[in-house]
Amino acid sequence: MNGEDRGLTRRRLLAGGGIAGASALAAAGGYIAAREIAGDDDGDRHTAAAASDRGDAPLFELDPRYVNLTTFVLATHPRPVHDAIERHRRKLDENTALYLREAEVALEEASRSALAGYLGVRPDGVALTDSTTMGIALVYARLRLDPGDEVVTSEHDFFATHESLRLRERLDGVTVRRVRLYDDPESASMDQIVSAASRALSPRTRALALTWVHSSSGVKLPLREIAAVVAEANRGRRERERILLCVDGVHGFGVEDASPADLGIDVLASGCHKWLFGPRGTGLVWAAPHAWRRLAPTIPSFDPRVYSAWIEDHPPRDAPPSALMTPGGFHSFEHRWAVPEAVEVHAGLGGRAEVARRTHARAAELKEGLAGIGGVRIRTPGDAALSAGLVCCEVEGLDPGEVVDRLREEHRVVASVTPYRTRYVRFGPSVANRSDDVSRGVEAIAAIARRT
Ligand SMILES: Cc1ncc(COP(=O)(O)O)c(C=O)c1O
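Position 398 of the sequence shown, counted from 1, bears residue number 398 in our numbering, the numbering being contiguous throughout.
Next comes the structure, spelled out in structure tokens:
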């Protein structure tokens, strides 16, 4: 068993302090991790062998032959999520129509409410999606824009934002402009980023499409400060002309201790299946009420209020925009309905602040270790205000793909290559990892760097 999962077990959760509450325990089937056992360096007490001697089930079921420093790519299901999926799957298999009839509306609401609770927003502000990409596409496909309006994005954004905007540009000639917010990511500064964002805005700008944490470099944008310059640019504008700050939040969501209100953003799209360790194939779009008024649905919603309006032959009147924006069609419901358990696991780990502390601690250890290795250049800022859980680096003289292959084949350490034109070696230690996983990663990079 890998990482801190070794310590996160059912019995300890039941016994330990720092539990999120009785309802959390019930919802998570009792597997909530207590803070007591979530310490950083508690040695052998939490090894897989010790857990198995005690008859405890580990929280994560990572392959023990590898050190996995890429759980952010697509979540491994924590045990409560896995069990909830199994529970729903069994009931759907036994009697699909009956279970849907009995449970569909309530379970969907439970998932929406759990995510709203996690984010600190109202449930009717949250649309459920299958991924970050789906959410981003829905937002940019139907954002209300007039001829001549422009959307500003950055060179650092992920394919999903760039491609959604390219498709929109092709459809109705909306102008999309890409700006550079920093040059060398590791030396990016708050002032540089915020003033580049500020300079990018024009009287025609209607949306600023950014990514919270860049998966190309690990740079975390100072969204609160960017929101302040957007607010300044919006002064005196009519509602329809105001710039919306729309964010791909996937590498901050489940890592950072911040609500949309804290960040000052207008729209957040994220998957739940990366740092939140939610069910694979789940995501959300949150928007502030003024932003929902500027978004329109693309995919028909199966919300009962929308569906009954169709039966009664009138447009939907009483469904909130978030319900209208939740794509309909039947889904892999067993996954969608297991979202509350992911939120409860997170609560059991100590909640947003504690998860942020631990994730940042792992990233800091990794950066510190890498900094001491000759021939290794860290490309992610050292400052926690400008970075989150992702850590990117280069090994002099080696292609990042070769480094990642050698990490896996020679050292059984799993890393990834940034999927961008400029490629780096990328790690993302998470709450599923302990300090010794990070040390293994550092030692492996040191061994590879020595032999170049
Ligand atoms: C910044 C960013 N946004 C979105 C995605 C895609 O997320 P999803 O699978 O939830 O669409 C990725 C990578 O997978 C990413 O790095």
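We treat Cβ as the ideally placed atom computed from N, Cα and C, and that holds for glycine. In this text, all values refer to a predicted model and were calculated from it rather than measured experimentally.
Leaving aside the five residues that flank residue 107 on each side, the residues in its chain whose CB is nearer than 6 Å to its CB run, in chain order, 337. For a cut-off of 8 Å, the C-beta gap from residue 212 to residue 251 is around 7 Å, short enough to register as a contact.
Under the DSSP assignment, residue 267 falls in the beta strand (DSSP E) whose first and last residues are 267-271. Scanning 217, 405, 323, 286 for the CA closest to the CA of residue 421 turns up 217.
With contacts defined as CB atoms closer than 8 Å, residue 425 and residue 415 qualify as a contacting pair. Note on geometry: alpha-carbon atoms of residue 187 and residue 311 lie some 58 Å from one another. Three or more Cβ pairs drawn from the region 263-275 and the region 214-233 lie within less than 8 Å of each other, which places the two stretches in contact. Short note on residue 133: C-beta closer than 7 Å to some heavy atom of ligand 1. At least one heavy atom of ligand 1 lies closer than 7 Å to the C-beta of residue 160. Under the three-state reduction of DSSP, residue 394 is assigned to strand. With fewer than 16 other Cβ atoms inside 10 Å of its own Cβ, residue 357 counts as exposed. Across the structure, residue 126 and residue 376 are spaced so that their CA atoms are roughly 42 Å apart. Looking at the backbone, the Cα of residue 385 and that of residue 317 are separated by about 43 Å. Taking 8 Å as the cut-off, the Cβ atoms of residue 71 and residue 430 count as close. Counting of Cβ neighbours within 10 angstroms places residue 314 among the exposed residues, the total staying below 16. Each of 60, 128, 78 was checked against the Cα of residue 300, and the nearest Cα belongs to 128.
Following the DSSP letters along the chain, one finds residue 205 inside the beta strand (DSSP E) bounded by residues 205-211.
About 10 Å separates the CB atoms of residue 210 and residue 230; that is not less than 8 Å, and the two are not in contact. Rounded to whole angstroms, the separation of the alpha carbons of residue 100 and residue 434 is 40 Å.
Separation of the CB atoms of residue 272 and residue 339 is rounded to 6 Å, and the pair is thereby assigned contact status at 8 Å. Within the same chain, 184, 185, 186, 217, 218, 392, 393, 394, 424 come within 8 Å of residue 379 by CB-CB distance, once the 5 residues on both sides are set aside. Straight-line measurement puts the Cα of residue 349 at about 11 Å from the Cα of residue 59. The DSSP-derived three-state label of residue 91 is helix. In the three-state reduction of the DSSP assignment, residue 300 falls in the coil class.
Taken in chain order, the complete alpha helix (DSSP H) segments of 4 or more residues contained in the region 208-251 are 223-234. Taking every protein chain shown into account, the CB of residue 202 has fewer than 16 other CB atoms within 10 angstroms, so this residue is exposed. If you compare the alpha carbons of 174, 427, 342, 260 with that of residue 122, the shortest gap goes to 260.
Inclusion of residue 215 in the 7 Å shell around ligand 1 follows from its C-beta lying nearer than that to a non-hydrogen atom of the ligand. In the structure shown, the three-state DSSP call for residue 133 is helix.
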